[in-house]
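Visitor: I'd like to ask you about the structure that follows.
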Amino acid sequence: MSVVPAKAGTHNHCCLEWTKVDDPESFKQYPARRMGPGLRRDDAIGGKPMTPPLRTGVITAIITLIADQASKLWLLHVLDIAHHAPVTVTPFFDLVLAWNPGISFGWFQSETPAAQILLMVIKAAAVIALAIWMARSRTWLATVSLGLIIGGAIGNGIDRFAYGAVVDFALLHAEIGGKTFNWYIFNLADVAIVAGVAALLYDSVVGTPAVKAP
């Protein structure tokens, strides 16, 4: 048995009259009111339950961040890449060490303190915007893609805060016509960011229209 506020009548306005109802379902027709600590809305104020796609996106971001930081710590402190580079893995892939003061793939490099602070502020704002976007997304592909980008951005941001530059270590190269062509040196965070952006573009073309940027 439940109780609900009685509809307004001729009673004194300083008091509330309570009416007993036998059907708990009928309680849903009355709007929730906050009269004090004891009465609150059914749905939490300031947040909603985490949807399965959002939960997957958060897990993706965490896994990406852990994988990125673990690979860098292993290369720096276990393999000691600084004293053993380059390490040939395949005929077209080497492990090297490059300190990147710019963004992904060595773009926009600058070693000045002001530039480093500006890059950190821009990345922090981007992560917040992407997190809001992910929270509003309703498709698995969009949330996973955004999780990859967020995890990668945070991973590179940790490098910048800890070392003053991003740790890059993967070098792809090829010999064509007697000439050696080298690709940009990158890391796992860069791979996650590029994969996330590519998946978002794919989702925007062939996916559902439920995903919208904030």
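For the sequence shown, the positions run 1 to 214 when UniProt numbering is used.
A virtual CB, placed ideally from N, CA and C, is assigned to each residue, including glycine.
These numbers were taken from a predicted model, which means no experiment stands behind them.
1. So what does DSSP say about Leu79, is it helix, strand or coil?
2. Which one of Ile158, Leu118, Ala126, Phe181 has the shortest CA to CA distance from Leu171?
3. Closer than 6 Å to a non-hydrogen atom of the ligand MN - does that hold for the CB of Ile154?
4. Let's test the definition: count the other Cβ atoms within 10 Å of the Cβ of Gly151 and tell me whether it reaches 16, buried, or not, exposed.
5. Among the residues of its own chain, which have a CB less than 7 Å from the CB of Val58, if the five just before and after it don't count?
6. I'd like to know whether the C-beta atoms of Pro101 and Ala165 end up nearer to each other than 7 Å.
7. Three or more C-beta pairs closer than 8 Å, one from the stretch 116–123 and one from the stretch 152–162: is that the case here?
8. From the DSSP output, read off the bridge partner residues of Lys179.
9. Whole angstroms is fine: what's the gap from Asp43's alpha carbon to Ala153's?
10. Compare the beta carbon distance of Asp168 and Ala98 with 7 Å and say whether it is the shorter of the two.
11. Look at the alpha carbon of Ala135 and the alpha carbon of Ala129, and state the distance between them as a whole number of angstroms.
12. Using a Cβ-Cβ cutoff of less than 6 Å, which residues in the same chain neighbour Gly196 once the five nearest sequence positions on both sides are dropped?
13. Given this structure, state the Cα-to-Cα distance separating Tyr202 from Thr139, to the nearest angstrom.
14. Pull up the distance between the alpha-carbon of Phe93 and that of Leu54, whole angstroms please.
15. What did DSSP end up calling Thr139 once you bin it into helix, strand or coil?
16. Ordered along the chain, which non-local residues of its own chain (more than five positions away) have a Cβ less than 6 Å from that of Ser71?
17. Can you tell me the Cα-Cα spacing of residue 236 and Ala61, whole angstroms?
18. Thr90 lies in the beta strand (DSSP E); which residues open and close that run?
Guide: Short version:
1. coil
2. Phe181
3. As for the ligand MN, it is missing from this structure, which has no ligand bound.
4. buried
5. Gly147
6. yes
7. yes
8. Lys179 is bridged to Ile176.
9. For Asp43, the pLDDT reaches just 38, beneath the cut-off of 50, and the residue's location in the model is therefore unreliable, leaving the point undetermined.
10. yes
11. Near 10 Å, if we compare the C-alpha coordinates of Ala129 and Ala135.
12. Ser145, Leu148, Ile149
13. 13 Å
14. 35 Å
15. coil
16. Leu188
17. Only positions 1 to 214 of the chain appear in the structure, and residue 236 is not among them; the question remains open.
18. That run of the beta strand (DSSP E) goes 87–90.
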